[in-house]
Every structure is written in C-alpha cells, then in structure tokens.
Amino acid sequence: MSWGNLTKLLSGVLLAIALIVSGCFFAAQHVIAQFTAPPPKPTFPNDNPGAKAKLQPTAAAKPATKSSPKPSVTPSPSPQPTEAAGYRARITLSQGLNLRESASQDSARIGGVAVNTRITVLEDSSDGEWQRVRLEESGREGWVKAGYTERVNP
C-alpha cells in the first residue's frame with residue numbers, strides 16, 4: 448500500500464467520524480431543547496376580569512334617538528355596613544381563601560377569595576375558627592378560615 452492510498456483512507460475515516468459526531472451533537476441539542484423549553488402559560492377565564500368590562504359598549508356610544516331630555520336618575524348609594532351588620536376587611540393570605548358553605552373544613556367549597564379582596568365580615572363562629580363573610584363585588588356569602596383577614600377603614 449502506498450502512502451497516498453493510506454492518506455486517503457485515514458482522511459476518509461476521520462471525515463466519516465467527524466460527520467457522525469457532529470450529527471449526533473446537533474441531534475442531541477435539538478432533543479434537549481425540546482424537553483427543556485417551558486410550556487406555554489395557561490390562560491383561564493378569570494385571569495383578566497377587567498378585559499370584559501372594556502369590551503362591553505358604553506351608553507355614550509349609542510346614538511340618541513329622541514331629542515327630548517330625559518330626567519337623570521341618580522343611583523342611590525349602597526348602604527354602608529354598620530358595626531351590627533359586620534365590618535369591612537380584606538384577605539391577607541397570599542394564596543387566597545376557600546369560601547365554604549358552613550364553618551367546617553369538611554363543608555363544600557362554593558368559591559374562592561383572592562388576596563386583597565374586599566369583604567364584609569358578618570360574624571365569627573362560636574369557636575372563633577371561622578368567619579362568615581360577604582364578598583363586596585358579587586354579594587356572595589360564605590365561611591372562611593379566621594385569622595387571614597385584616598380590618599380596613601370604610
């Protein structure tokens with residue numbers, strides 16, 4: 448065997464090894480990138496409650512059909528809760544609280560209350576472990592675990 452043929456053989460083998468190694472490297476990079484990419488953020492219907500209010504048309508956008516002025520009706524202010532009816536508070540637990548049907552861990556969950564949500568505390572349970580609350584936004588009533596609310600000024 449001559450030196451020329453031996454050189455061709457060695458360069459061919461080295462080239463084949465280089466191609467195989469580089470192919471394996473790029474295939475591994477592709478597979479690793481597929482498994483380490485974070486999944487897309489899930490979206491839920493209640494993620495952006497302010498968006499629904501922006502999408503609804505306002506009364507000012509409707510054209511007026513009558514030229515006669517209508518008497519304006521001013522809405523009566525909502526009654527402020529008195530001390531006998533409860534006191535205003537907010538939720539302080541960062542995860543929020545479960546809203547339950549009755550003052551028991553075993554009672555059915557009827558909703559949830561997010562952190563910093565304004566509520567009205569209506570009463571405390573006899574053992575002081577639970578508080579009956581009314582959500583200011585929806586008017587829904589239920590029981591939450593005591594100790595995770597903070598009284599706020601009206």
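Numbering-wise, the sequence shown is residues 448 to 601 according to the numbering used here. We put the CB at the ideal spot given by N, CA and C, even for glycine.
- [ ] Would you mind reading off the limits of the alpha helix (DSSP H) that contains GLY533?
- [x] From DSSP, GLY533 is part of no alpha helix (DSSP H); its letter is neither H nor E.
Open item on the list: What does the alpha-carbon distance come out to for the pair ASN545 and ARG535?
Closed with: Answer to the nearest angstrom: the Cα atoms are 18 Å apart.
Open item on the list: Using 8 Å as the threshold, is the C-beta distance between GLY558 and GLY586 below it?
Closed with: no
Open item on the list: According to DSSP, ASP571 sits in a beta bridge with which residue or residues?
Closed with: GLN578
TODO: Would you kindly work out how many angstroms separate the C-alpha atoms of ASP571 and ASN493, rounded to a whole number?
DONE: ASP571 and ASN493 have their C-alpha atoms some 29 Å from each other.
Task: Opening and closing residue of the alpha helix (DSSP H) in which LYS488 lies - done: For LYS488, no alpha helix (DSSP H) encloses it, and the DSSP letter there is neither H nor E.
Open item on the list: So TRP577 and ALA550 are supposed to be a Cβ contact under 8 Å. How far apart are they, rounded?
Closed with: 4 Å
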